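Enquirer: The sequence shown begins at 14 in this note's numbering and counts up one residue at a time.
The beta carbon of each residue, even a glycine, is placed where N, CA and C say it ideally should be.
Keep in mind the model is a prediction, meaning the values are calculated, not measured.
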Amino acid sequence: MSDLRQDVAALYKTRKGSVDFVDVPPLLFALVQGEGDPDGPAFAEAVQALFTVSYAAHFGLRKQSGEVTKVMPLEALWWFEDPNHAESLEGVAAGFTGLSGIPRESWRWQAMMVQPEPVDEALLERALDGSRPKGLPGLALVRFERWEEGRCAQVLHIGPYADEGPTIARLDAAITEAGLKVRGRHHEIYLGDPRRSAPEKLRTLIRHPVV
14 MSDLRQDVAA LYKTRKGSVD FVDVPPLLFA LVQGEGDPDG PAFAEAVQAL FTVSYAAHFG
74 LRKQSGEVTK VMPLEALWWF EDPNHAESLE GVAAGFTGLS GIPRESWRWQ AMMVQPEPVD
134 EALLERALDG SRPKGLPGLA LVRFERWEEG RCAQVLHIGP YADEGPTIAR LDAAITEAGL
194 KVRGRHHEIY LGDPRRSAPE KLRTLIRHPV V
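Structure, rendered in structure tokens:
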């Protein structure tokens, strides 16, 4: 395994209750942007498309070179563009309230999955083209992008998404104590398979970029 792949794997490991500061290098993502309720069809279609393309690239690489890579977990960025919710946004950032305090139709999201090396854009384009006959609506919105998130703080939350508030508060308290401040968008990484986990056992890595 290359140094980069080892470094990437380390970004997804943290202990419960521990706030870790990490440096996220430039990574290749398959992603879909959308808006609205994450329990609605648009988000579900995006997730289905991302897993379809990621697994197609995984098997395509194995067929091409015999190399096996890990399919990475689903991630999402969350934000809002409605100025009427500015006060609620500040509460979310500080951990005083959860995302549930803001109407779901106002949510903006970017669902995404890291594509580990040696997967590249060319392989992903072939995977996407090969998946189109499946007729999945989300495939039309899939794109590929390299993104460097940089310095971040992250913490593991175990339990329902609606109960993230205290965990986010602990994360941002550690950021303030370190003399830093939050920048960028709220970032969640869904470890395991949320579709098969009881709410109290959900494992979500919450990451906030810092400066």
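Buried or exposed for residue 179, please, with buried defined as at least 16 other CB atoms from any protein chain shown within 10 angstroms of its CB.
Expert: So residue 179 counts as exposed.
Enquirer: Would you decide whether residue 14 is buried or exposed? Buried here means 16 or more other CB atoms lie within 10 Å of its CB.
Expert: In this prediction, residue 14 scores a pLDDT of 46, lower than 50, which makes its location untrustworthy; the coordinate-derived value is nonetheless stated afterwards. Classification of residue 14: exposed, given that the 10 Å Cβ count is below 16.
Enquirer: Could you check what DSSP says for residue 77 in three-state terms: helix, strand or coil?
Expert: Helix, per DSSP.
Enquirer: Which full runs of the alpha helix (DSSP H) of 4+ residues lie inside the segment 119-146, going along the chain?
Expert: Counting only runs of 4 or more, we get 134-144.
Enquirer: I think residue 87 touches residue 126, with their Cβ atoms under 8 Å apart; what is that distance to the nearest whole Å?
Expert: Residue 87 to residue 126, Cβ: 6 Å. Contact.
Enquirer: If you draw a straight line from the C-alpha of residue 224 to the C-alpha of residue 24, how long is it?
Expert: Computed Cα separation, rounded: 18 Å.
Enquirer: Between the C-alpha atoms of residue 222 and residue 146, what's the straight-line distance to the nearest angstrom?
Expert: Rounded to the nearest angstrom, the two C-alpha atoms are 38 Å apart.
Enquirer: What residues are listed by DSSP as bridge partners for residue 192?
Expert: Paired residues: none, contrary to the question.
Enquirer: When we look at the beta-carbon of residue 59 and count the other beta-carbons within 10 Å, is it buried (16 or more) or exposed?
Expert: Label assigned to residue 59: buried.
Enquirer: May I ask which residues mark the beginning and end of the beta strand (DSSP E) holding residue 115?
Expert: Run containing residue 115: none; DSSP gives neither H nor E here.
Enquirer: Spatial neighbours of residue 220 within its chain, please: C-beta separation below 6 Å, excluding the five flanking residues on both sides.
Expert: Here the set comprises 165, 167 and 200.
Enquirer: Is the segment 182-190 close to the segment 138-153, with three or more CB pairs under 8 Å?
Expert: Verdict: no, contact absent.
Enquirer: Any idea which residues DSSP pairs residue 220 with across the strands?
Expert: DSSP lists 167 and 200 as partners of residue 220.
Enquirer: Buried or exposed: residue 42, going by 16 or more other Cβ atoms within 10 Å of its Cβ?
Expert: Per the 10 Å Cβ criterion, buried.
Enquirer: Excluding the 5 residues flanking residue 205 on each side, which residues of the same chain have their C-beta closer than 7 Å to its C-beta?
Expert: Closer than 7 Å at the Cβ level, and outside the excluded window around residue 205, lie 216.
Enquirer: Would you decide whether residue 54 is buried or exposed? Buried here means 16 or more other CB atoms lie within 10 Å of its CB.
Expert: Classification of residue 54: exposed, given that the 10 Å Cβ count is below 16.
Enquirer: Helix, strand or coil for residue 39, going by three-state DSSP, please let me know.
Expert: Residue 39: strand per DSSP, three-state reduction.
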